[in-house]
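Residue numbers (the numbering used here): 38 to 330.
Here is the structure we will look at, set down as structure tokens.
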């Protein structure tokens, strides 16, 4: 018999990450996904807490590039829908990692079609295109290294260098499909790419405004906001020292890190036995709750 507390928490998390009114449902783990079930991507991308921490850290890193920040500033309703932006990123990762391969490819095609339409001019008059391969490479590498860093810090501190390289190599498939170039395939290449981009990074009043919207957003009731505050603190703490200094953000305290680990342990308990952790066959036509696909 399902545990009522586990079920209630899972339902609430599903509501936070899925727009049910738009017909979204949690992504099930399927044997016919883009990545095989024994991939490192399945291991890393399936942890809610570390993926949220990595997502926050990745966003804070990405927006230090003026063209990435301009893309958010010019082409999204970030002030009113920052939670929606974070939710869509999480959904994209879940679908491209676990869902049916055709749905993963469709999600990639949708993102590419959006990127192809967006362009603008930076405050200094420099034109930019959101689908610029170098810009997409920056977004890709900051995102995947942030996910990986969060996993290593909070879930698997002893993760081997070979597995870390394997994760970067596996996720390169998504970066290339989105049009990024160059796309690193190991830790050394990822760090080299990040370092090569540092001369183009900056922080200004617009960076500060968007960063504060990320870090101060409210997502629900007191319990959700408390957990969210821990995630935000852990996300800023995960940043490289130089990036955190550019943002003018403090590091997290030792008690805050301990609280994040406690939250992660609770989430592991919540999702033990969850249908979302089961590998479903390729002919499944209904979600565990009976809602149609």
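Yeah, the Cβ is synthetic: ideal placement off N, Cα and C, and Gly gets one too.
Within the model, the alpha-carbon separation for residue 88 versus residue 131 is close to 10 Å. Counting of Cβ neighbours within 10 angstroms places residue 221 among the buried residues, the total reaching 16 or more. When beta bridges are read from the DSSP output, residue 162 appears opposite no residue.
Contact between the segment 196-212 and the segment 92-109 is absent, with fewer than three C-beta pairs closer than 8 Å. Residue 183 has its alpha-carbon roughly 17 Å from the corresponding atom of residue 283. Taking all protein chains shown into account, residue 63 has 16 or more neighbouring C-beta atoms within 10 Å of its C-beta and is therefore buried.
Going by C-alpha positions, residue 173 is about 19 Å away from residue 280. For residue 284, the uninterrupted alpha helix (DSSP H) run begins and ends at 278-284, by DSSP.
About 6 Å separates the CB atoms of residue 93 and residue 268; that is less than 8 Å, so the two are in contact. A Cβ-Cβ distance of about 6 Å is found for the pair residue 316 and residue 74, placing them in contact under the 8 Å criterion.
Residue environment analysis places residue 180 among the buried positions, since at least 16 neighbouring C-beta atoms fall within 10 angstroms of its C-beta. With a contact defined as Cβ atoms closer than 8 Å, residue 253 and residue 262 miss out at about 10 Å. Put simply, the segment 152-161 does not touch the segment 38-48. Fewer than three CB pairs are less than 8 Å apart. Counting only runs of 4+ residues, the alpha helix (DSSP H) found wholly inside the segment 215-303 occupies 224-234, 242-253, 259-275 and 278-284, in chain order.
In this structure residue 178 is buried. Its beta-carbon is surrounded by 16 or more other beta-carbon atoms within 10 angstroms.
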